[in-house]
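Note sheet for the following structure.
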Amino acid sequence: MSTNDVANTGRRSLRAAVVLAASGAALGLLGAGTASAHESAPEPTEGGPLGAVQQTVGVVVHHLDEYHLSDPTWEVKSLLTSPQENLRIHLAMVNEAIDPVIGLLP
C-alpha cells in the first residue's frame, strides 16, 4: 500500500466514525433506544443547539418514515422513473434539515 492509499483509508475511516458518532448522538437526543428505557419521548427543546439538533433529526426521521420505511422500494422506483423528482425531494429534505442549524449562526 502506498502512503496515499493509507491516508485515504484513514480519512474514510475517520469520516465513518464521525458519521456514526453524530448519528448515535442525534438518536440519543431523540430518546431512541430500547422501549424499556423510556416511558415516553422527550419533550422537544425550544431554541438553542439542542432544539436545532432535534428539529434536524425530526426532519430526517420524517423523511425516512414517509418515503423509505413506508415503501422500501421507493428509492429504486423513483430513481428509475423520475430521478429529478427524487433529487428534488432529497434536496428539500436537506435544506429543511440544515435550516435550524444555520439559524444558530450569528
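Numbered according to mature numbering (1 follows the signal peptide of the UniProt record, and there is no 0), the sequence shown spans residues -37 to -1, 1 to 69. All C-beta atoms in this analysis are idealised placements derived from N, C-alpha and C, irrespective of residue type, glycine included.
**Sequence-distant residues of its chain with Cβ nearer than 7 Å to E59 (five each side left out)** = For E59, where only same-chain residues beyond five positions count, the Cβ hits under 7 Å are V22.
**Prompt:** By a C-beta neighbour count over all protein chains shown, 10 Å radius and 16 as the cutoff for buried, is P63 buried or exposed?
**Reply:** Flag for P63 reads buried.
**Asked** What are the boundary residues of the alpha helix (DSSP H) that includes V45?
**Response** It should be pointed out that residue 45 corresponds to Ser in this sequence rather than to Val. No alpha helix (DSSP H) contains S45, which DSSP labels as neither H nor E.
**Request:** Would you tell me roughly how many angstroms separate the C-alpha atoms of S33 and Q47, rounded to the nearest one?
**Result:** 21 Å
**Item:** Proximity winner among Q17, H26 and L43, relative to L54 (alpha-carbon distances)
**Value:** H26
**Message:** Whole angstroms are fine: how far does the CA of V57 sit from the CA of E38?
**Reply:** 16 Å
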